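> In this note's numbering, the protein residues as written are 1396 to 1518. Note that CB positions come from ideal geometry on N, CA and C, so glycine has one too. Note that this is a predicted model, so its numbers are computed, not measured. Could you have a look at this structure, given as structure tokens, before my questions?
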Amino acid sequence: MLQYNLGQPTNELSIPNEGEYTASILNIKAGKDRDTVWGTTPSVVVLFELDNGQKVMQSMLMYVGKGSLLKKLVELTLDTTEKEVNLYQLVGKSCVVEIQHFHQHETTYANVVDVFPLSEQQI
């Protein structure tokens, strides 16, 4: 028998405050293809753990160009000169993330809007 307990405590993710946090990459997985002005573009979903223990997932488009958050994340965390990288190498790497809130349909989302090397961490 497969049972589901509706009386269990609600498991809601807490939304971190806006700001900059030191973060570690816990996981990365393939995301959904997204329709963009450049056509169908694949994406990945990156799971970050912030220095306060909170977790944030961020979808990132897999394109190379100005403004690519994924490209910036790869360049600042992986020490490589290779033209192709295995994105699973990001797991365990650390950086600084900037969190901003996005409000839609009475729900607040925490988005990673920028990433920085640990050397730019504010003391």
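What is the DSSP secondary structure of Gln1453, counted as helix, strand or coil?
Reduced to three states, the DSSP call for Gln1453 is strand.
> Under a Cβ-count criterion, where at least 16 other Cβ atoms within 10 Å of its own Cβ denotes burial, should Phe1497 be classed as buried or exposed?
Flag for Phe1497 reads exposed.
> Below 8 Å CB to CB, which residues in the same chain sit around Val1439 once its five sequence neighbours on both sides are set aside?
Only Ile1423, Lys1424, Ala1425, Gly1426, Ser1454, Met1455, Met1457, Leu1465, Leu1482 meet the Cβ criterion.
> What does DSSP give as the partner residues of Leu1445 in its beta bridges?
For Leu1445, which the question treats as bridged, DSSP gives the partners Ala1418.
> Using alpha carbons as the reference points, say which of Tyr1399, Met1396, Gly1414, Ser1409 lies closest to Phe1511.
Closest by alpha carbon: Gly1414.
> With distance defined between alpha-carbon atoms, name the residue in Val1507, Ser1514, Leu1513, Glu1515 nearest to Asn1412.
Of the listed residues, the one whose Cα sits closest to Asn1412 is Val1507.
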